[in-house]
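> My questions will all concern the structure given below.
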Amino acid sequence: MLESNMNRVERLLHYTATPPEAPLALARGQRWDPKLRQIVSTTGVDVEEGLEAGDDEEEQWPTEGRIEFRDVWMRYRDELGHVLKGIDLSSLINALFRLIELDRGQIRVDGRDIAALGLHRVRSALAIIPQDPVLFSGSVRSNVDPFGRHADQAVWRALDKVGLRAFVAAQRLGLDAKLTAGGHNLSVGQRQLVCMARALLCDEARVLVLDEATASVDNRTDRAIQDTLRREFAGRTVVVIAHRLHTVIEMDRIIVMDEGRVVQYGKPWELLEANEGPFARLVEQTGAVTAQYLRAMARQHHSGDGSSASSSFSSTATTITSPPPPPVDLLG
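Under full-length UniProt numbering, the residues of the sequence shown are numbered 1 to 332, in order.
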């Protein structure tokens, strides 16, 4: 009993020692310094915490969702060294959402350093569908529209776009149908589609991240998600992290990473034409029939409007490989 109680004390001490997050809002000319753990003035004059958002927060940002990593260095804890290789993709997502603050460098979205913006503004501009869908104990409505900002008609439209309208309408309580914690009274595919409906209602989010979102669903649901992305997320940047080649073969750009380093980048069809490249080798390893099918999909996408520079659907897929061609450092 004593040991069990001491574990609770240990957890409490851990939380009291956890460094605070950056403030939800920053005024013009401010940024959060993760080393000092305080707001500092970009003009060289320190300012106090707790200031309300100024004109910066009123601007229409972001508009396109263009992401840039500039000389990024990061570490997991102050006492550890910098992460130079072997970084996992989840860490990059954590940095984008500012769950981990950078030690050096910048992440810019539409030309703005996200460290110079409040956390609420940054995270409102991003949406994510993780591998393990996050659903809450409550109604279908509260899971699709957790902040209650939209009318029922908008919620129904979002469910219709992801193919769940008929299923929800068949429930006795409709939008008020109850979901258990984690959504365990739904299939895995249905949970992911609920998360996608939620992302559709995030009008201000110009960047959508799918972190292995289709890894646990069947091919039919995977195809439905891909069709919804292309149809409903036009004008936004969609970052897809996946191991499944069918999921990424129709993306506009693909980044192939090996041990935290970018080893190949470009349009899928162009990467496949480089037969000795790591992406082409991954495709060939799927077998002759599947490889032929994947190449046909890439060729069809390349010949259509989706691969043109004027496409309104901007997407970057990240896949993982193990071959070791000459690497380029992603971080620093």
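Note that CB positions come from ideal geometry on N, CA and C, so glycine has one too.
Could you please give the first and the last residue of the uninterrupted beta strand (DSSP E) stretch that includes Trp73?
Where Trp73 is concerned, the enclosing beta strand (DSSP E) stretches over 67 to 73.
> Specify whether the segment 106 to 126 and the segment 60 to 67 touch according to this definition: at least 3 beta carbon pairs, one from each stretch, less than 8 Å apart.
yes
> Can you list, in chain order, the residues of its chain with a C-beta nearer than 6 Å to that of Val140? Leave out the 5 residues immediately preceding and following it.
Apart from the 5 residues on each side of it in sequence, Val140 sits with its Cβ closer than 6 Å to the Cβ of Val168, Leu175, Ala177 in its chain, given in chain order.
> Can you check which of these residues, Thr237, Ala291, Glu101, is closest to Val209 by C-alpha distance?
Thr237
> Pull up the distance between the alpha-carbon of Gln300 and that of Arg281, whole angstroms please.
20 Å
> How about Ile241 and Leu294: do their beta carbons lie closer than 9 Å?
no
> Around the Cβ of Asn185, are there at least 16 other Cβ atoms within 10 angstroms (buried) or fewer (exposed)?
exposed
> Got a sec, what are the start and stop residues for the beta strand (DSSP E) Gln264 sits in?
261 to 266
> Verify whether the separation of the beta carbon atoms of Arg206 and Asp222 is less than 9 Å.
no
> Can at least three beta-carbon pairs, one atom from the segment 123 to 139 and one from the segment 150 to 164, be found at a separation below 8 Å?
no
> Can you list the beta strand (DSSP E) stretches of 3 or more residues lying completely in the segment 237 to 263, in chain order?
237 to 241, 253 to 258
> Can you tell me where the alpha helix (DSSP H) holding Val162 begins and where it ends?
Segment: none, Val162 is in no alpha helix (DSSP H) and carries neither H nor E.
> Could you give the C-beta distance for Met74 and Asp113, rounded to a whole number, given that I count them as a contact under 8 Å?
Not confirmed; about 15 Å, so no contact.
> Output the distance between the C-alpha atoms of Leu201 and Arg253, rounded to the nearest integer angstrom.
Rounded to the nearest whole angstrom, the CA to CA distance from Leu201 to Arg253 is 25 Å.
> For Ile100, name the three-state secondary structure that DSSP assigns.
Of the three classes helix, strand and coil, the one that applies to Ile100 here is coil, per DSSP.
> What are the start and end residues of the beta strand (DSSP E) that includes Ile128?
126 to 129
> Pick from Arg230, Thr16, Gly189: whose alpha carbon is nearest that of Glu212?
Considering only alpha carbons, the answer is Gly189.
> Terminal residues of the continuous alpha helix (DSSP H) containing Val217?
Careful: Val217 lies outside any alpha helix (DSSP H) and carries neither H nor E.
> Can you check whether the CB of Arg172 is closer than 9 Å to the CB of Leu135?
no
> Tell me, to the nearest whole angstrom, how far the beta carbon of Leu179 is from that of Ser137; I am working on the premise that it is less than 8 Å.
Indeed they touch by this definition, with Cβ atoms about 7 Å apart.
> Any idea what DSSP makes of Arg11, helix, strand or coil?
helix
> Rounded to whole angstroms, how far is the Cβ of Pro268 from the Cβ of Met251, which I believe are closer than 8 Å?
7 Å
> Let me know the secondary structure DSSP gives Glu49 once reduced to three states.
Here Glu49 scores only 39 on pLDDT, less than 50, and its place in the model is too uncertain to base an answer on.
> By how many angstroms is the C-alpha of Glu101 removed from the C-alpha of Leu80?
Taking the straight line from one Cα to the other gives about 14 Å.
> To the nearest angstrom, report how far apart Ala234 and Thr228 are at their CA atoms.
10 Å
> Rounded to a whole number of angstroms, what is the C-alpha to C-alpha distance between Asp46 and Phe97?
Here the model assigns Asp46 a pLDDT of 41, short of 50, so the residue's position is not dependable and the matter cannot be decided.
> What are the start and end residues of the alpha helix (DSSP H) that includes Leu193?
Its alpha helix (DSSP H) spans residues 188 to 200.
> In the DSSP output, what is Val155 paired with across the bridge?
Per DSSP, none; premise fails for Val155.
> Can you look up Gln30 in the DSSP assignment and give me helix, strand or coil?
strand
> Could you give the C-beta distance for Ala116 and Leu26, rounded to a whole number, given that I count them as a contact under 8 Å?
7 Å
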